[in-house]
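In my numbering, the protein residues as written are 313 to 480.
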């Protein structure tokens, strides 16, 4: 089939196409369409000065989360971030208790404000407080819950990306 297409290409370039070959030109046209589809898939990226780029803050945050990648260090693993998860059950809309093993690592932040950052990079200020002897997200947590429509049974993962910043 490929040889036939090559022969037809040569004949068309030379202007030698007879009526019998015209039937095959549709096949050739079909093959050309396939070739152009493949060419579209193999397009190389071209530098575009109008292309939107991440701002400095977003780039720095990404470096904090994923680490700086280098061509010589491709095998390097992604740095682990202190994190915990919580399933929203019971009375969670006003105060959310932080699991004790994680709370031990940030107990010095008790009484201070921390920031909860969502997937869009928006931040909510939340107060860390002691509630019934457990470290909890207090004032500001309710706003975060309401703004994100967090419901019972939802699973949230909290990653500490800076001393007082958590991604959720």
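All C-beta atoms in this analysis are idealised placements derived from N, C-alpha and C, irrespective of residue type, glycine included.
If you run the structure through DSSP and keep just helix, strand and coil, what is residue 518? The requested residue 518 does not occur in the structure, where the chain is confined to residues 313 to 480.
Looking only at DSSP bridge pairs, what is residue 406 linked to? Counting from one through the chain shown, the residue named residue 406 turns up at place 94. According to DSSP, residue 406 bridges with nothing at all.
Given that a residue counts as buried once 16 or more other Cβ atoms are within 10 Å of its Cβ, and exposed if not, what is residue 338? The count along the chain shown starts at 1 and reaches residue 338 at position 26. Low confidence applies here, because residue 338 scores a pLDDT of 47, under 50, leaving its location unreliable and the question unanswered by this model.
Report the residue from 472, 446 and 453 whose alpha carbon sits nearest the alpha carbon of residue 436. Locating residue 436 in the chain shown gives position 124, where the first residue counts as 1. Comparing Cα-Cα distances from residue 436 to each of 472, 446 and 453, the minimum goes to 453.
For a test of the three-state rule: what should DSSP assign to residue 435, helix, strand or coil? Looking up residue 435 in the chain shown gives position 123. The answer is strand: DSSP assigns residue 435 an E or B state.
Backbone secondary structure at residue 415 - three-state DSSP: To locate residue 415, count along the chain shown from 1; it is residue 103. Residue 415 falls in the helix class under three-state DSSP.
With DSSP as the reference, identify every bridge partner of residue 479, one or two as the case may be. The residue you call residue 479 lines up with position 167 of the chain shown. The partner list for residue 479 (beta bridge, DSSP) reads 429 and 471.
Tell me whether the segment 392–404 and the segment 448–464 touch, counting them as touching only if at least three CB pairs, one residue from each stretch, are closer than 8 Å. yes
N-terminal and C-terminal residue of the beta strand (DSSP E) that residue 447 is part of: Within the chain shown, residue 447 is the residue found at index 135, counting from 1. Where residue 447 is concerned, the enclosing beta strand (DSSP E) starts and stops at 446–449.
Quick one: Cα of residue 297 to Cα of residue 394, how far? Only positions 313 to 480 of the chain appear in this structure, which leaves residue 297 out of reach.
So, with DSSP's three-state summary, where would you put residue 312? Because the chain in this structure spans residues 313 to 480, residue 312 falls outside the shown range and cannot be described.
If we ignore side chains and look at the alpha-carbon of each, how far apart do residue 432 and residue 424 end up? Against the chain shown, residue 432 aligns to sequence position 120. Against the chain shown, residue 424 aligns to sequence position 112. Their backbone Cα atoms lie some 24 Å apart in a straight line.
Can you give me the C-alpha to C-alpha distance between residue 404 and residue 415, rounded to a whole angstrom? As a working mapping, residue 404 is identified with position 92 in the chain shown. As a working mapping, residue 415 is identified with position 103 in the chain shown. Rounded to whole angstroms, the gap between the alpha carbons of residue 404 and residue 415 is 17 Å.
From the DSSP output, which residues share a beta bridge with residue 443? Sequence index remark: in the chain shown, residue 443 carries index 131 (1-based). The beta-bridge partner set that DSSP reports for residue 443 consists of 446.
Of the listed residues 473, 451 and 467, nearest to residue 406 (C-alpha basis): By one-based count along the chain shown, residue 406 stands at place 94. For the residues 473, 451 and 467, the minimum Cα distance to residue 406 belongs to 451.
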